[in-house]
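Notes to accompany the following structure.
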Amino acid sequence: MTIDRRSFLKMTAGAGAAGVLYGCASTGPSGSTAEVMPKTGRRVVVVGGGYGGTIAAKYIRMMDKSIEVVLVERNDHFVSCPFSNLYIGGLMKDLSPLTIRYDKLVANHGIKFLQAEVTGVDAASQTVITSKGALKYDRLVLSPGVDFRTEEVKGYNLATTPDVIPHAWKAGPQTVLLRKQLEAMPAGGNVVLTIPLAPFRCPPGPYERTSMIAMFLKQHKPKSKIIVLDANPDIVSKKGLFLKGWKKHYEGIIDYRPAKKVTEVDAASKTVLIEGLEDVKGAVVNLIPPQRAGQIAVAAGVVGSDKKWCPVNPTTFESTIHKGIHVIGDACIAGAMPKSGYSANSEAKACATNIVNLMNGKELVDFSGINTCYSFLSAKEAVEVTGVYKVDKAKNAIIAVPGSVGVSPDLSELEAVYAESWLKNILTEMST
Amino acid sequence: MRIKGIQWALSAAVLAMSASAFAAPPTPAMLSNACAGCHGTHGESAGPSMPALAGQSKVAIVESMKGFKSGERPATVMGRLAKGYSDAEFEAMGEFFSKQKPFTTSQTLDRAKVAKGAELHEKNCARCHVENGKEIKDNSPVMAGQWVKYLEIQMADYHSGKRKMFDRKAEKMKPLSQSDLDAIAHFYASVK
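Residue numbers (my numbering), protein chains in the order written: chain A, 1054 to 1485; chain B, 7 to 198.
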């Protein structure tokens, strides 16, 4: 029995698509196979309107106006995860500084926008199935972000648990819910924050959140504490700076416990269990579940053998599993690059550049990218980590350029000023 | 059937390998686009503490990057980021940004400060920062239309001695007060 490449692709894609249709059956409409925007010329479909997808769509159009770009996103707006901890800590009155819409981006660059839910991808027929119909593509860019490995936390029900125990790891209503719970919590109550094993979206994020919640407790909830249950053996990112900031500002408020992996949750009693050994109860519980590439990547069959993340070519970000499908942002394995918004921005530009090169039969260009990621320790002090990244040809992987990676020397008010401009610039880049 | 699948996967891996093996070194655009997350698309910065780079002088960009790399110019992120690039890459990025259409920021300026700053500029700065900071002389940067906040941070670094300056600049700058410097920033920001 023989099978050619085409039907092999079809089979694997079909298996993935079936999985996701099943997963979506209770939450959303299943896809339609009638074409929603019949394809005429050369087309790239970009799925996901966040830090990666908006930039990929924009840069493809900036570099080659003859390529049609369809941006597919289920929402009509996007809320940034970076800076959402500041809202949780009470430093922003609402999420509007973190919210972008797509109208200007789409108009400025002639991008076609389809607000729809992607339910499947058929790599063999180069088709994306959405809640509004099918879309044919020449190349597909997936920037789906993360979804949760809820099966690793017993008792966690994605449909109901987050309403009681927010993850707030996708900015929006979850972020608002966590802040409301903190505000409603009685003084003296404890907050429990749980961190999954790395890698996860935004390595310093949980520790920035710890700082912001501690700041909130110090101001508004006397005698309250935050208990941090970290599955990792130690603080994953900017360790020295976080410890310094916690000692300076939040002595006695933060109870950090390393190597505490949450394996079970009971939403009703707001209790988390650690490997059957101990349980911890909180007045507010913020459980950040372990993560994998977004469900769309699962549907497209581009998740690797680790069943978590998507292996890609480090120059084109094309999936090493399915040709014609590129994966950027948190969902992909980008070597030494951390899963951050700025990484997604850089990856999107390199991916766009080489998609345009591929579609025009031109020589590919090596990746060069940057990561810059700020974390706030208090209302006025921030720290950052930066790095420059490139491809190591021998390793065929993205590596950090030696000497370029490092963190702030200290907590800094100036860094906080720069952080504000970072947000303004990166969101402007995504929305105009 | 299984063998065929593996064969295909292997050939895909070989294809993937070859894509990076035969790619050209990063182009000026590839290098510079990565900066845009903080400095705006094409260097059109929307954040007041990050300088707009669109239309900036190539020499000024290259000199700045070298200063960041050596540690001579004070920095937060830029000191480390500059270590990620070669001098040839600085040249490529300088070339890229210098070729972009000059970008004028839109910000609220204080008219009185602009007027005062114009006088101070004439008296103290105009010999090197020619054409009201619109043109470059030697390695002086374009300052016209730049963000006030960015200019203020730079002048504070000079004034405090954190950033070194040559004697003639120091002679002019040292006697100026904080409000003088503030006025000068408003003036340069106002120049279209």
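Note that the Cβ used here is the ideal one computed from N, Cα and C, for glycine as well.
Output yes or no for whether 8 Å exceeds the beta carbon distance between residue i and residue j.
{"i": "H45 of chain B", "j": "M36 of chain B", "result": "no"}
{"i": "R1192 of chain A", "j": "M1390 of chain A", "result": "no"}
{"i": "V1438 of chain A", "j": "C1426 of chain A", "result": "yes"}
{"i": "A30 of chain B", "j": "V1365 of chain A", "result": "no"}
{"i": "A88 of chain B", "j": "M99 of chain B", "result": "no"}
{"i": "L1148 of chain A", "j": "V1171 of chain A", "result": "no"}
{"i": "V1100 of chain A", "j": "P1197 of chain A", "result": "yes"}
{"i": "N1407 of chain A", "j": "I1479 of chain A", "result": "no"}
{"i": "V1245 of chain A", "j": "L1282 of chain A", "result": "yes"}
{"i": "K4 of chain B", "j": "C131 of chain B", "result": "Residue 4 of chain B falls outside the range modelled here, since chain B spans only 7 to 198, and no answer is possible."}
Straight-line CA distance for residue i to residue j?
{"i": "L1195 of chain A", "j": "G1102 of chain A", "result": "10 Å"}
{"i": "Y1395 of chain A", "j": "T1107 of chain A", "result": "13 Å"}
{"i": "N1449 of chain A", "j": "G1173 of chain A", "result": "30 Å"}
{"i": "I1279 of chain A", "j": "P1215 of chain A", "result": "19 Å"}
{"i": "G1105 of chain A", "j": "K180 of chain B", "result": "46 Å"}
{"i": "V1122 of chain A", "j": "Y164 of chain B", "result": "47 Å"}
{"i": "V1159 of chain A", "j": "A118 of chain B", "result": "40 Å"}
{"i": "L1211 of chain A", "j": "A1221 of chain A", "result": "13 Å"}
{"i": "M1268 of chain A", "j": "I1381 of chain A", "result": "34 Å"}
{"i": "P1259 of chain A", "j": "E101 of chain B", "result": "40 Å"}
{"i": "K143 of chain B", "j": "K1402 of chain A", "result": "34 Å"}
{"i": "C1385 of chain A", "j": "N1243 of chain A", "result": "36 Å"}
Helix or strand or just coil, what does DSSP make of residue i?
{"i": "H2 of chain B", "result": "Outside the displayed range of chain B (7 to 198) lies residue 2 of chain B, so it cannot be described from this structure."}
{"i": "G1101 of chain A", "result": "coil"}
{"i": "G85 of chain B", "result": "helix"}
{"i": "G46 of chain B", "result": "coil"}
{"i": "Y1112 of chain A", "result": "helix"}
{"i": "A1087 of chain A", "result": "coil"}
{"i": "P1215 of chain A", "result": "helix"}
{"i": "R1262 of chain A", "result": "helix"}
{"i": "C41 of chain B", "result": "coil"}
{"i": "D1200 of chain A", "result": "strand"}
{"i": "A1177 of chain A", "result": "coil"}
{"i": "D1308 of chain A", "result": "strand"}
{"i": "G1241 of chain A", "result": "coil"}
{"i": "Y194 of chain B", "result": "helix"}
{"i": "K1185 of chain A", "result": "coil"}
For chain B, find out if any of its Cβ atoms is closer than 8 Å to the Cβ of residue i; answer yes or no.
{"i": "I1423 of chain A", "result": "yes"}
{"i": "S1431 of chain A", "result": "no"}
{"i": "D1359 of chain A", "result": "no"}
{"i": "T1481 of chain A", "result": "yes"}
{"i": "N1495 of chain A", "result": "With chain A represented from 1054 up to 1485, any question about residue 1495 of chain A goes unanswered, as that position is not in the structure."}
{"i": "T1324 of chain A", "result": "no"}
{"i": "G1298 of chain A", "result": "no"}
{"i": "A1403 of chain A", "result": "yes"}
{"i": "D1129 of chain A", "result": "no"}
{"i": "Y1395 of chain A", "result": "yes"}
{"i": "V1454 of chain A", "result": "yes"}
{"i": "T1406 of chain A", "result": "yes"}
{"i": "S1474 of chain A", "result": "yes"}
{"i": "V1441 of chain A", "result": "yes"}
{"i": "T1368 of chain A", "result": "yes"}
{"i": "S1457 of chain A", "result": "yes"}
{"i": "E1261 of chain A", "result": "no"}
{"i": "E1328 of chain A", "result": "no"}
{"i": "E1204 of chain A", "result": "no"}
Return no unless some Cβ of chain A is closer than 8 Å to the Cβ of residue i.
{"i": "Y164 of chain B", "result": "no"}
{"i": "R79 of chain B", "result": "no"}
{"i": "S55 of chain B", "result": "yes"}
{"i": "T47 of chain B", "result": "yes"}
{"i": "S70 of chain B", "result": "no"}
{"i": "A94 of chain B", "result": "no"}
{"i": "S76 of chain B", "result": "no"}
{"i": "A30 of chain B", "result": "yes"}
{"i": "A58 of chain B", "result": "no"}
{"i": "S51 of chain B", "result": "yes"}
{"i": "V20 of chain B", "result": "Note that V20 of chain B has pLDDT 48, beneath the 50 cutoff, so the model's placement of it is unreliable and the number below is only indicative. No, because no Cβ of chain A sits closer than 8 Å to the Cβ of V20 of chain B."}
{"i": "D188 of chain B", "result": "no"}
{"i": "I12 of chain B", "result": "With a pLDDT of 48 at I12 of chain B, under the threshold of 50, the modelled position of that residue is not reliable, and the figure given next carries that caveat. Taking Cβ atoms only, chain A never reaches closer than 8 Å to I12 of chain B, which makes this a no."}
Spell out whether any CB of chain D is found under 8 Å from the CB atom of residue i.
{"i": "N1478 of chain A", "result": "Note that chain D does not occur in the displayed structure, where the protein chains are A and B."}
Consider the C-beta atom of residue i and the heavy atoms of the ligand MG; say whether any pair is separated by less than 7 Å.
{"i": "K1118 of chain A", "result": "Among the ligands in the structure shown, none appear at all, so the ligand MG cannot be discussed."}
- Query: Looking at chain A, which residues of the stretch 32-44 of chain B have a Cβ within less than 8 Å of any of its Cβ atoms?
  - Reply: P32, T33, A35, M36, L37, N39, A40, C41, A42, G43 and C44
- Quick one: which residues of the stretch 81-92 of chain B get their C-beta closer than 7 Å to a C-beta of chain A? List them in chain order. T82, V83, R86, L87, K89, G90 and Y91
- Task: Check each residue of the stretch 1460-1471 of chain A: if its Cβ is closer than 8 Å to any Cβ of chain B, include it; give the result in chain order.
- Result: S1461, S1465, L1467, E1468, V1470 and Y1471
- Message: Any C-beta of chain A within less than 9 Å: which residues of the stretch 112-133 of chain B qualify?
- Response: none
- Query: Which of the residues in the stretch 1410-1422 of chain A, read from start to end, lie with their CB under 8 Å from any CB of chain B?
  - Reply: E1416, L1417, V1418, D1419, F1420, S1421 and G1422
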